[in-house]
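In short: position in the sequence shown from 1, add 651, done, that's the working numbering.
Ideal placement from N, C-alpha and C gives every residue a C-beta, glycine not left out.
Here the structure is laid out as structure tokens; the discussion comes afterwards.
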Amino acid sequence: MKKFNFRKVLDGLTAASPVGSSGGGSGSGAGGSVHPGGTAGAAGTPREEIQETLTSDYFQICKTVRHGFPYLPTALAFDPVQKILAIGTRTGAIRILGRPGVDCYCQHESGAAVLQLQFLINEGALVSACADDALHLWNLRQKRPAILHSLKFNRERITYCHLPFQSKWLYVGTERGNTHIVNIESFILSGYVIMWNKAIELSTKTHPGPVVHLSDSPRDEGKLLIGYENGTIVFWDLRSKRADLRAYYDEAIHSVAWHHEGKQFMCSHSDGSLTLWNLKSPNRPFQTTIPHGKVQRDGKKPESCKPILKVEYKTCKNSEPFVVFSGGLSYDKPCRRPSLTIMHGKAITVLEMDHPIVDFLTLCETPYPNEFQEPYAVVVLLEKDLIVVDLTQTNFPIFENPYPIDIHESPVTCTEYFADCPPDLIPVLYSVGAKHKKQGYSNKEWPISGGAWNLGAQTYPEIIITGHADGSVKFWDASAITLQMLYKLKTSKVFEKQKVGEGKATAEIVEEDPFAVQMMYWCPESRIFCVAGVSAYVIVYRFSKHEVNTEIASLEVRLQSEVEDIITPEPETNPPFPDASSQLPSLKSLSGSTNTVACEGTMKDSIPCLSVKARPVRMPPGYQADLVIQLVWVDGEPPQQITSLAVNSAYGLVAFGNCSGLAVVDFMQKTVLLSMGTLDLYGSSDPYQRQPRSPRKSRQFAAGLTELSDSPVSLELERCKSPTSDHVNGHCTSPTSQSCSSGKRLSSADVSRANRRGPGRPPFRKAQSAACMEISLPVTTEENRENSFSRSRSSSVSSIDRDSKEAITALFFMESFARKNDSAVSSCLWVGTGLGMVIILSLNLPASDDLRHSEPVMVSPSGTVLTLKGAVLTFACLDCMGTLTHQPYEVWRDPHSADDGDKTRKRKLVMHSPSSSQDMGDHQFAVICSEKQAKVFSLPSQTCLYVHNITETSFLLRADVVTLCNSVCLACFCANGHIMTLSLPSLRPLLDMNYLPVTDMRIARTFCFTNEGQALYLSSPTEIQRLTYSQEMCDNLQDMLGDLFTPVETPEAQNRGFLKGLFGGSGQAFDREELFGEATAGKASRSLAQHIPGSGGIEGVRGAAGGVIGDLTRARIALDERGQKLGELDERTASMMASAEAFSKHAHEVMLKYKDKKWYQF
């Protein structure tokens, strides 16, 4: 017996009732349009209820991994034994990197900038010092590091920290010039303090400034070198608590570095000088050099240079020492780029960098400061890059960086994410991308090789595509939560380079980044790739493994919707769909595509924004341009940016729309099939019954859209609405051109004024990258409301005011039932608009594939119009069993394969997805989601089965129909930060979690969902954040993440020899515990710093891996880890002791009993 769920029908009726009323009015019945008010129709045709397998238990949100370069870096640290690198940032983040695949992101809750990082070498821990004067101890022995302890200084600002190798006492210098000592195990301040006034001479009248350097002598751990900003250096004896020696220099100190023998140290200064000091004669430096200063002829001191911000002094056993420093360049070369200088003997090498240097570290073979250092590489942290220089080769080549830190090479403008794509794609893309590898890298292995990483259980292929401001597109292998670049495509190569100074006279509509990628559409099965650019063009690419040399085909499309108050022909005399043959312009040769560029002062018309290359172009293997389609200027008005894009390889069609209308192009025949204003697409089915001419007062509004009057909308209401033409769910920045996005009515006089605008400033603003867009959430002025993130796209009267510019917001090719009560599916194009209207266009393709290249394709209106509340975002189609139906596609074949004869040229088409039967059944479900609600229609009856009003107070930015656990659901991301999933087809809420407030446009434009419960967005201009909304993946995440800590033996110290041991100082005998412990030094003032226990607990820290603090840590942590078990252990021990006592007593009694008996008496 068939089941019928009457409760769901009632739910559908109640949810649909307000929408049903809005769908009424004069046009509700026209053209077979059906409104949700007809939900009760479902009761007349009961269906077998689809068994939905997904429940809320399948969903959980958590961040998985962050890729890219750490945004705004500030600090750098390296563990020479574990070989892992840590980078701190201005936003309080820490990224820890090891071998490829080992990449961990953690964040300080305070968000304070990281000033300095210090590894506890080979102990699996890290100390961070932050700008809020807090110290934190991070446990790296777990896959997700956590804070074990924090210490917040209340009265002093932290300026410098130093942790000696194998010590548990951290030296902390402050802005007041004092030096405090912190116990790393307990994170409690020692009572031992080196006050600034004790360190300097009593006769000194001025404050020495903040502590800029702290380090213990390599020769004697009981001596501490303190560097003060004003040029004072103090060599402090920790045992006797007095200064052994003091040195003064008249230039500010930036950094200090020891010679490994502990007899000399080098300072870098603010005048670009390096001073070398000897402990035996501290009165003056025995060597002063200004490496980049010009030598004066009269023997005077060389002229001063820019400050040397950091110097490192590293010795080698078999060669001269290395002196590496940043800064110090001459002032007379203001345009020189930031540089790192390497001095090796008499040779000076200057390495120029692309970005300012934040910090650098020299990597050495030994962790012991009193041995020959043997440097082998320099890690240079730049503001936007990470470079490692090989010191073992004389030309100092850089290592090839295995991390995906060049995501931001050009700002990211859009992203797409594909999980579970065909497995052959990744090796194919890699093979064509590998041919572009650069030469000249070091042949050594990448030196940051710590940690461990395995593939984990998740094995399906994943690909991320990023579009960039310079027109480049990057394909990334994102499988198993890693990221590796596969292939880079430069879309700007199809256009002529713009000569400098020509911008005014040409038709460009954006001043900067004219090739910025705005939207991308990729069909992995057919390997067709399509790009929409900010300069109103679309490029269709086909994939080939063979290089070709060919001309680029191009078409020009004129998209214009009539402006009101200009007399236009009556609708009857201008049929909306003219005969297709009249709409097929011949394929243009490129030579004629730009010869109509207007001179200054004349009106631009019928000219594209960019010039396509007219000559044959060499196209390497990979994606090759098949067709370029450009929108042209119309009567002095620039083409509007593209807001929606769809391609279908089986049909051979590409469709795109903007706020003027829709264009459909046959990319096989290279012809324009349709170019039409949105208003004309409705024909007689327009539910708003809009008239093609003024006056406005004669217009009839649909009931549901007149709820808001013309009076100013309150701020609270305005704040929760969505944009009218920014199209943030999709992909374009709102043009500021008057005709498209302003709310004002244009009179004919206004139009003529606009036409006379001439060659001044282009009417579009700069095409901003997603990385730099910001949103102004509170809106007050009318102008801000017009271009802000928070105005209404569809609910306010302004939407109807600009209905002549109704944007196309979603497009979808599908085998579907185009009209009510069709008996069979046919090829369709579903069109969604910014007013929530869905128009279905019928596609009449040639009957046989042989005729596809010769017979014209016909596009005609089906008459079907469906309505939703809010701009349409996405479409999907389910078969009668509730399985997601794949769009038809052509199986990929190489268009330039050498063995292709006439017989093999026949296309292989897949019209239905393999999972569903060839027979689509007698009905299907259409899933349509707008920025406000989701609806499921039954086709061909066009009955609205289910409605879910997703949000009333906000709007959706992104919605995708995705597969998860062999089922299907609708995933939504809302502007208020909520991530939601709905079951299909019943639209039951499965997940609703407040995940991420949308604080800027970058997140809104780059957020996307994909199959298997994964999603991503650009968390900063340089980083991609991936997350999962699948409970299963959350559970398995620990197995997929890399281990930061691996057990490694600390290398043994070199044998110092008898004489060195005798005369080399008493470093080994120094007992810090005795000196700094509470018994000797007492307790520090409680008001000085506050200890805060960490939230991370001790999980994962299973004792140190050797070294001085190993045994103590092992014992202490073993106790802490067990927690409650300690109590049980105590009880068990007590009971054992009691039973042992009882046994002893009993044994004693037995002994006394038998003491005096002979053996034969037993």
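Residue burial is scored here from C-beta neighbours: residue 1502 has fewer than 16 other C-beta atoms within 10 angstroms and is therefore classed as exposed. In terms of CA proximity to residue 1031, 992 leads the group 1803, 992, 1302, 1286.
1263 is the residue among 1326, 1263, 1125, 1040 whose C-alpha sits nearest the C-alpha of residue 1145. Contact between residue 1318 and residue 1303 holds: their C-beta atoms lie close to 6 Å from each other, under 8 Å.
Each of 708, 716, 710 was checked against the Cα of residue 1688, and the nearest Cα belongs to 716. Excluding sequence positions up to five before and after residue 1043, its CB lies within less than 6 Å of the CB of 1027, all in the same chain and listed in chain order. Taking a contact to require three or more Cβ pairs closer than 8 Å, the region 869-885 and the region 821-832 qualify as touching.
Distance from the Cα of residue 1255 is smallest, within the candidate group 1269, 1286, 1278, 1635, for 1286. The straight-line gap separating the alpha-carbon atoms of residue 1597 and residue 1578 is approximately 10 Å. Leaving aside the five residues that flank residue 1493 on each side, the residues in its chain whose CB is nearer than 7 Å to its CB run, in chain order, 1469, 1477, 1479, 1511, 1513. Burial check for residue 901: the Cβ neighbour count within 10 Å stays below 16, so the residue is exposed.
Secondary structure at residue 1078: helix, using DSSP grouped into helix, strand and coil. Three or more beta-carbon pairs drawn from the region 1665-1683 and the region 718-729 are found closer than 8 Å, and the two stretches are therefore classed as touching.
Counting C-beta atoms within 10 angstroms of its own C-beta, residue 874 has 16 or more neighbours from the protein chains shown and is therefore classed as buried. The beta carbon of residue 731 is closer than 6 Å to those of 1018 in its chain, skipping five residues each way along the sequence. When C-beta atoms of the region 910-929 are compared with those of the region 963-975, three or more pairs fall below 8 Å, so the two segments count as touching. Taking every protein chain shown into account, the CB of residue 1542 has fewer than 16 other CB atoms within 10 angstroms, so this residue is exposed. Within the same chain, and ignoring the five residues on either side of residue 710 in sequence, the residues whose Cβ sits closer than 8 Å to its Cβ are 1632, 1641, 1642, 1664, 1680, 1681, 1682. Taking the C-beta atoms as reference points, residue 974 is found nearer than 9 Å to residue 925. Residue pairing from DSSP places residue 1479 in a beta bridge opposite 1465, 1493. Excluding residues up to 5 positions away in sequence, 1112, 1114, 1128, 1130, 1137 lie with their Cβ nearer than 8 Å to the Cβ of residue 1077 in the same chain. The Cβ atoms of residue 754 and residue 1110 lie no closer than 9 Å to each other. The alpha-carbon separation between residue 811 and residue 724 amounts to approximately 17 Å. Closest in C-alpha terms to residue 800, from the list 1004, 1741, 1623, comes 1741. In this model, residue 1292 and residue 1166 are separated by some 12 Å (Cα to Cα). Within the region 1095-1173, there are no complete alpha helix (DSSP H) runs of at least 4 residues. Note on residue 1521: 16 or more other CB atoms within 10 angstroms of its CB, so buried under the neighbour-count rule. Inclusion of residue 1206 and residue 1279 in the CB contact set at 9 Å is warranted, their separation being smaller than that value. In the structure shown, the three-state DSSP call for residue 1333 is helix.
Rounded to the nearest whole angstrom, the CA to CA distance from residue 780 to residue 727 is 12 Å. Beta-bridge analysis with DSSP links residue 1068 to 1115. Taking residue 1704 as the centre and dropping the five residues before and after it, the same chain places the C-beta of 1019 closer than 6 Å to its C-beta, in chain order. A straight-line Cα-Cα distance of about 23 Å links residue 1085 and residue 1120. Under the three-state reduction of DSSP, residue 709 is assigned to helix. With contacts defined by Cβ atoms closer than 9 Å, residue 952 and residue 923 do not form a contacting pair.
By the C-beta density criterion, residue 1636 is buried, having at least 16 other C-beta atoms within 10 angstroms.
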